[in-house]
Amino acid sequence: MEQEVTSDFASELKLRGFRAYEICSDSPVMRNYARKDFFKICLNNGRNIVHYSDKSYDVEGSLLFFGNPHIPYSWETVATSYTGYACLFSESFFRQGERSESLLHSPLFRLDGTPIFRLNDGQRQYVSSLFQRMIEEQATGYAFRDDLIRNFIHLLIHEALKIQPSESLPESRNASSRLTRIFFELLERQFPIENAGQPLRLRTAQDYAGGLSVHVNYLNRSVKETTGKPTTSHINERIVTEARALLQHTDWPVAEIAYSLGFEYPTYFNNFFKRYTGETPTNIRHRKV
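Note that the sequence shown covers residues 1 to 289 in the UniProt record's numbering.
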């Protein structure tokens with residue numbers, strides 16, 4: 001169901017921090033955006049299996065979904081015909097409103113929440129009207145257009161807060177393999193590194209366990225059981241891969257690369273890199289292609 005966009009869509013989304021659009025089963029285009037940067041609210045009419053964090057939910061009918069870019073999620077559209085709406089927005093866009101608090105603290109977006117809501121016909125019609133108004137307003141030149149759109153987002157959030165979240169039983173067939181898969185999704189979402197001034201948010205197995213709302217021992221046991229290697233090994237190997245790419249394809253000083261990968265001091269990074277590759281970062285830099 002992740003129907004996505006042309007380059008114009010992606011450019012406007014990045015520039016404005018917001019975009020609303022209609023979903024339909026016969027849409028001829030795929031829209032691409034950096035999901036790790038945007039929150040998502042989606043209304044879908046049909047049957048869907050939604051995977052959120054380490055759980056899966058089978059939902060029939062109209063559903064309202066709230067996606068947090070910091071939590072792995074995906075879904076499968078089972079129905080052959082479906083309709084709906086979606087909007088994407090950055091936290092900075094939303095927080096420009098005077099009444100806006102951090103989305104990360106909202107019960108709709110928090111790590112241990114269940115951000116999936118079944119809607120009756122009346123709720124579906126009302127929510128649809130809010131999406132339609134957002135789509136209409138984003139095309140206008142009204143000076144306070146963004147404020148008005150933020151008001152519609154607030155109305156969506158408050159409507160959801162009045163509805164009891166869906167509590168369908170998880171479908172996970174193998175808890176360890178499912179947790180391992182979303183660990184890898186969360187790991188990959190941190191890459192590629194695009195800004196040397198913003199270091200990795202998650203650096204250790206404990207960080208990832210916190211991000212997934214599980215105990216670190218449970219995460220380690222699941223990853224080791226599924227892959228045969230410890231969680232830390234996967235994290236470090238991915239950091240080494242990114243380090244090689246940065247050394248070969250950017251002009252960033254080694255100290256900046258070290259900082260961007262979560263190392264407080266360049267010497268720590270040098271020792272880490274040599275332990276895993278047998279070479280120093282400088283040697284790799286000299287072979288830069």
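Even for Gly, the Cβ is constructed at its ideal location relative to N, Cα and C. These numbers were taken from a predicted model, which means no experiment stands behind them.
Contact under 8 Å by Cβ, residue i with residue j
i, j, result
"Phe18", "Ile149", "yes"
"Arg238", "Phe191", "yes"
"Ile257", "Leu246", "yes"
"Asn217", "Pro230", "no"
"Gln198", "Ala20", "no"
"Ser128", "Tyr85", "yes"
"Val223", "Thr277", "no"
"Ile71", "Asn44", "no"
"Phe183", "Leu155", "no"
"Ser90", "Asp37", "yes"
"Pro281", "Val254", "yes"
Nearest residue (CA-CA) to residue i, options the options
i, options, result
"Arg203", "Ile182, Ser233, Tyr218, Ala245", "Ser233"
"Phe39", "Leu186, Pro69, Tyr57, Ile49", "Pro69"
"Phe109", "Gly61, Tyr52, Asp121", "Tyr52"
"Glu159", "Gln206, Ile193, Tyr73, Arg124", "Arg124"
"Leu178", "Thr226, Asp147, Gln198", "It should be pointed out that residue 178 corresponds to Arg in this sequence rather than to Leu. Answer by Cα proximity: Thr226."
"Ile157", "Cys87, Gly210, Ser92, Ala205", "Cys87"
"Ala175", "Val214, Gln96, Ala196, Ser92", "Val214"
"Phe144", "Gln96, Asn271, Tyr268, Thr180", "Gln96"
"Trp252", "Ala196, Ile49, Ser62, Ile163", "Ala196"
"Arg118", "His286, Phe66, His249", "Phe66"
"Ile41", "Val240, Leu64, Val50", "Leu64"
"Leu161", "Pro107, Leu15, Thr80, Tyr265", "Pro107"
"Pro115", "Trp75, Leu187, Arg189, Gly228", "Trp75"
"Thr250", "Pro266, His286, Arg189", "His286"
"Leu13", "Gln248, Arg275, Ser92", "Ser92"
"Asp121", "Gly61, Tyr265, Tyr208, Thr80", "Gly61"
"Arg16", "Phe94, Tyr208, Ile49", "Phe94"
Neighbourhood of residue i by C-beta, 7 Å cutoff - its chain only, sequence neighbours within 5 removed
i, result
"Phe152", "Leu130, Arg133, Met134"
"Ser168", "In this predicted model, Ser168 has a pLDDT of only 43, less than 50, meaning its place in the structure is not dependable enough to derive any value."
"Arg244", "Ile284"
Bounding residues of the alpha helix (DSSP H) (the contiguous stretch that carries residue i)
i, result
"Tyr126", "121 to 137"
"Asn151", "145 to 161"
Beta strand (DSSP E) segment containing residue i, residue limits
i, result
"His51", "39 to 52"
"Ala20", "18 to 24"
"Ser74", "73 to 77"
"Ala86", "83 to 89"
Other residues of its chain near residue i: CB distance less than 8 Å, five sequence neighbours each side excluded
i, result
"Glu279", "Phe273"
"Glu242", "Phe191, Pro192, Ile193, Leu261"
"Tyr126", "Glu159"
"Phe263", "Phe269, Phe272"
Contacting residues, own chain, Cβ-Cβ under 6 Å from residue i (five flanking each side not counted)
i, result
"Val78", "Arg47"
"Arg201", "none"
Ranges of the alpha helix (DSSP H) found wholly within the UniProt domain "HTH araC/xylS-type" (177 to 287), counting only runs of at least 4 | For secondary structure counted as the alpha helix (DSSP H) over 4 or more consecutive residues, the UniProt domain "HTH araC/xylS-type" (177 to 287) holds these complete runs in sequence order: 205 to 211, 216 to 227, 231 to 249, 254 to 260, 266 to 277, 281 to 286.
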